[in-house]
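Please read the structure below before turning to the comments.
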Ligand SMILES: NC(=O)c1ccc[n+]([C@@H]2O[C@H](COP(=O)([O-])OP(=O)(O)OC[C@H]3O[C@@H](n4cnc5c(N)ncnc54)[C@H](O)[C@@H]3O)[C@@H](O)[C@H]2O)c1
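In full-length UniProt numbering, the protein residues as written are 1 to 136.
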């Protein structure tokens, strides 16, 4: 007789609102500010989802957080680019977030003067994608 794996039948804790648990989406959570914010949130008992495309950050930081907080429903990492509205919409529809801390960005002054459009897209435009998905 076949036994179904429970993960196929039970919904992910990240997809449900749970009394007393605040679920925070941390964009750019593999980066400097985002990973420290995620650590603080996890230490304070929040549920955390990190979304990062690893263009600048360090997956090692996420792995350290996963080792520190291995319990189910504490931390999940999703690889995604915030410039892809379909992916961002799907993340918002599959997860029950209570708050968003948006740190995904590019942040070098010199580079921003050489490639202003890259900065415009990855900061201004992508922030609107996150805002729009989060409010629908
Ligand atoms: N580092 C500082 O001292 C400092 C101080 C004040 C404000 N800030 C601001 O905080 C924010 C984050 O800075 P940081 O120093 O942590 O930068 P960082 O480069 O270390 O982290 C940014 C993270 O965002 C990710 N990312 C970038 N574009 C993405 C995209 N399109 N989709 C998904 N993930 C993406 C990168 O992979 C990286 O992990 C920036 O807006 C910066 O201006 C930083």
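By construction, the Cβ of each residue, glycine as well, lies at the ideal position given by its N, Cα and C atoms. What you are looking at is a predicted structure, and each value in this text was computed from that prediction instead of being measured.
Once the 5 residues before and after residue i are set aside, which same chain residues still bring their CB inside 7 Å of it?
i: residue 17; result: 96
Quick one: what's got a C-beta closer than 6 Å to residue i's C-beta in the same chain, skipping five residues either side?
i: residue 85; result: 129
Count the other CB atoms, across all protein chains shown, that sit within 10 Å of the CB of residue i; report buried if there are 16 or more and exposed otherwise.
i: residue 5; result: Annotation note: pLDDT 49 at residue 5 (below 50); position unreliable, coordinate value reported separately. By the 10 Å Cβ count, residue 5 comes out exposed.
i: residue 40; result: exposed
i: residue 35; result: buried
i: residue 135; result: exposed
State yes or no: is the C-beta of residue i nearer than 8 Å to some heavy atom of ligand 1?
i: residue 27; result: yes
i: residue 123; result: yes
i: residue 24; result: no
i: residue 31; result: yes
Which residue wins for smallest C-alpha separation from residue i, given the options the options?
i: residue 89; options: 117, 75, 126; result: 126
i: residue 104; options: 14, 124, 20, 94; result: 124
Inset, instruction - Counting only runs of 3+ residues fully inside the UniProt domain "NAD(P)-binding" (25 to 126), write out the beta strand (DSSP E) ranges in chain order. - result: 47 to 52, 75 to 79, 99 to 102
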